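Since the structure comes first, as structure tokens, the remarks are kept for the end.
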Amino acid sequence: MNVFVDTAVINVRSGKGGDGASHLRREKDRPKGGPDGGNGGRGGDVVVVADSHLDTLIEFSFRSHFFAIDGGKGMQKSCHGADGAGIEIRLPVGSVVTDADTGEFLVDLIIPGQTAVVAPGGTGGLGNEHFKGALKQTPLECTPGELAVERRLLIELKLIADVGLVGLPNAGKSTLLSAISRANAKVGAYPFTTLSPQLGIAELDPDRRMVFADLPGLIEGAAQGAGLGHDFLKHVERTRAIVHLVDLAPLDGSDPAANWHMIRKELLEFSAELAEKPELVVLNKVDLVEPEEREERIERFAGAIGMRKGERPIAISGATGEGVRAMLEGAWKLAGKTSEPIGGSAETTRRPGTGSWGNSAGTAS
5 MNVFVDTAVI NVRSGKGGDG ASHLRREKDR PKGGPDGGNG GRGGDVVVVA DSHLDTLIEF
65 SFRSHFFAID GGKGMQKSCH GADGAGIEIR LPVGSVVTDA DTGEFLVDLI IPGQTAVVAP
125 GGTGGLGNEH FKGALKQTPL ECTPGELAVE RRLLIELKLI ADVGLVGLPN AGKSTLLSAI
185 SRANAKVGAY PFTTLSPQLG IAELDPDRRM VFADLPGLIE GAAQGAGLGH DFLKHVERTR
245 AIVHLVDLAP LDGSDPAANW HMIRKELLEF SAELAEKPEL VVLNKVDLVE PEEREERIER
305 FAGAIGMRKG ERPIAISGAT GEGVRAMLEG AWKLAGKTSE PIGGSAETTR RPGTGSWGNS
365 AGTAS
């Protein structure tokens, strides 16, 4: 079983620059030879690399110290000291690296193969040959190499996906992800089925693929760290859009509209920018509601969350597949995969920056 770890602290040290050499030539035919001390070599850099084959920071639970090699000392006969070897630290794409002690932002690795120097190697010192001049034929001075850079790095992995699935525990996100992709997310009739983020790829057709992130369920107080709290919310920041999944028939008898409002409140308290991401509201588990009750429940929910007349959420069943295709098409357009509007008054999104609902086809007034 792969263990998902999304935060790590490591210690790194670059290579120290090699010291410059102080040496005077001693040759048979030149008893008073000039200076020939070479410069020191450069210390090795500590470099982080975005690796698309990695998806967790678990490795750093077992190894947390990374040291580059010091530069070699300068040598006689004007020989330059050897440069120290650098060290590469491979991180998953989506890793954000900051200085753990100062909070200084260093790099956001969002492109496979992207690199960044997080601890530069020291410059080599100057040998005494460097100080030779018309007035100073036999200088003895040389300089030491630049010191190494030591720092503690905080690494946070934020998943990169087109769409984030949000909702209360047991809203059906894991079931839905399994239905639309090959993710095979763990499914069970208890809260927090998803204890770590799951990624799945939905293929609408051979030319259209979309990455979904099923993220651990939210509870009241998540913005302050309750439940899975910040561990969940930081991953939503990366997504282009949100599919907000609401259980139409919750077993605990709670009100679906109240549950929707609670999640919206948590998103807003965590980040106003996050709360303004395009959101597609999806009512799940409609198969558990009698057909004669279904429409009335959907209409009541739409009114309770402020949708205008004629607007309604998408109704689906992750278990049976009902409505899932319509949801995928809506999510595809909402995530900016196409410039076409999300069609039909039945598919309604929250307009970013307005806090209001809008018929995506533009027919509502």
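Heads up: the sequence shown begins at 5 in the working numbering, then just goes up one per residue.
Note that beta-carbon positions come from the ideal geometry of N, C-alpha and C, so glycine has one too.
Just so we're clear, the structure is a prediction, and the values are computed from it rather than from any experiment.
Ordered along the chain, which non-local residues of its own chain (more than five positions away) have a Cβ less than 6 angstroms from that of residue i?
| i | result |
| --- | --- |
| residue 71 | 17 |
| residue 43 | 24, 78, 84, 128, 130 and 131 |
| residue 89 | 48 and 73 |
| residue 91 | 50, 70 and 72 |
| residue 285 | 248 and 317 |
| residue 234 | Note that residue 234 scores a pLDDT of 49, beneath 50, so its modelled location is shaky and nothing firm can be said. |
| residue 119 | 51 and 53 |
| residue 10 | 161 |
For the candidate residues the options, whose alpha-carbon lies nearest to that of residue i?
| i | options | result |
| --- | --- | --- |
| residue 56 | 333, 113 and 160 | 113 |
| residue 145 | 298, 273 and 24 | 24 |
| residue 334 | 317, 323, 271 and 322 | 317 |
| residue 248 | 267, 323 and 241 | 267 |
| residue 141 | 210, 28 and 209 | 28 |
| residue 174 | 250, 306 and 274 | 250 |
| residue 300 | 328, 252 and 205 | 252 |
| residue 217 | 331, 204, 211 and 208 | 204 |
| residue 323 | 263, 289 and 280 | 289 |
| residue 167 | 202, 155, 157 and 139 | 202 |
| residue 82 | 116, 179, 38 and 101 | 38 |
| residue 291 | 321, 302 and 179 | 321 |
| residue 155 | 303, 302 and 14 | 14 |
| residue 265 | 314, 170, 340 and 245 | 170 |
| residue 183 | 325, 276, 313 and 274 | 325 |
| residue 254 | 293, 10 and 103 | 293 |
| residue 108 | 22, 157 and 115 | 157 |
| residue 59 | 180, 115, 105 and 95 | 95 |
| residue 22 | 178, 86 and 312 | 86 |
| residue 329 | 180, 33 and 93 | 180 |
| residue 331 | 206, 210, 295 and 277 | 206 |
Which residues share a DSSP beta bridge with residue i?
| i | result |
| --- | --- |
| residue 79 | 83 |
| residue 214 | 206 |
| residue 245 | 167 |
| residue 16 | 70 and 155 |
| residue 50 | 91 and 123 |
| residue 319 | 287 |
| residue 371 | Outside the displayed span of the chain (5 to 369) sits residue 371, for which this structure offers no information. |
| residue 99 | 113 and 161 |
| residue 55 | 96 |
| residue 250 | 287 |
| residue 39 | 28 |
Leaving out five residues on either side along the sequence, give the residues of the same chain with a beta carbon under 7 angstroms from the beta carbon of residue i.
| i | result |
| --- | --- |
| residue 12 | 61, 64 and 159 |
| residue 41 | 24, 25, 26, 27, 78, 80, 131, 132, 133 and 146 |
| residue 336 | 208, 212, 214 and 342 |
| residue 272 | 279 |
| residue 242 | 98, 162, 163, 164 and 165 |
| residue 19 | 47, 48, 72, 73, 74, 75, 88, 125, 126 and 152 |
| residue 176 | 249, 251, 288, 289 and 322 |
| residue 339 | 166, 167, 214, 244 and 245 |
| residue 110 | 101, 102, 103, 120 and 122 |
| residue 192 | Only weak support is given to the placement of residue 192: the predicted model assigns it a pLDDT of 40, under 50, and the question is left unresolved by the model. |
If I measure Cβ to Cβ from residue i and keep anything under 8 angstroms in the same chain, skipping five residues before and after, which residues do I get?
| i | result |
| --- | --- |
| residue 106 | none |
Run through the stretch 105-163 for me and flag every whole alpha helix (DSSP H) of 4 or more residues, listed as ranges in chain order. none
Does the pairing of the stretch 33-51 with the stretch 61-75 give three or more beta-carbon distances under 8 angstroms? yes
Stretch-stretch touch, CB-based, cutoff 8 angstroms, three pairs: the stretch 148-162 with the stretch 125-139: yes
Report yes or no: do the stretch 259-275 and the stretch 302-321 share at least 3 C-beta pairs separated by less than 8 angstroms? yes
Sequence ranges, alpha helix (DSSP H) only - wholly within the stretch 266-309, length at least 4: 276-279 and 295-308
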